[in-house]
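For reference, the structure is listed below as structure tokens.
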Amino acid sequence: MEVEATARDIRVSPRKLRLILKRLPGLSVDQALALLRYMPSPHAVPVSKVVRSAAA
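Under our numbering, the residues of the sequence shown are numbered 49 to 104, in order.
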């Protein structure tokens, strides 16, 4: 099932978010959250919040 979730007013450049988001397609929710949890970028936190919101 395909789900769409958005986050607004995130003060991160789109280029930096794209670096994180390119690694997520094809992963399950659990795998994506595990990957985001151990990424060194602090910008992975808002992305993980959106993934959790989409899974809810």
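Yeah, the Cβ is synthetic: ideal placement off N, Cα and C, and Gly gets one too.
Which listed residue (101, 90, 73) has its alpha carbon closest to that of residue 64: Ranking 101, 90, 73 by Cα distance to residue 64 puts 90 first.
Are the beta-carbon atoms belonging to residue 96 and residue 75 less than 7 Å from one another? Against a cut-off of 7 Å, the Cβ pair of residue 75 and residue 96 comes out as no contact.
Excluding the 5 residues preceding and the 5 following residue 103 in the sequence, name in chain order all residues of the same chain whose CB lies nearer than 6 Å to its CB. Beyond the five residues adjoining it in sequence on each side, residue 103 comes within less than 6 Å, by CB distance, of 77 in the same chain, given in chain order.
Counting along the chain, where does the alpha helix (DSSP H) carrying residue 72 start and finish? It is not in any alpha helix (DSSP H) - residue 72 carries neither H nor E in the DSSP assignment.
Nearest-angstrom Cα distance between residue 98 and residue 84? 11 Å
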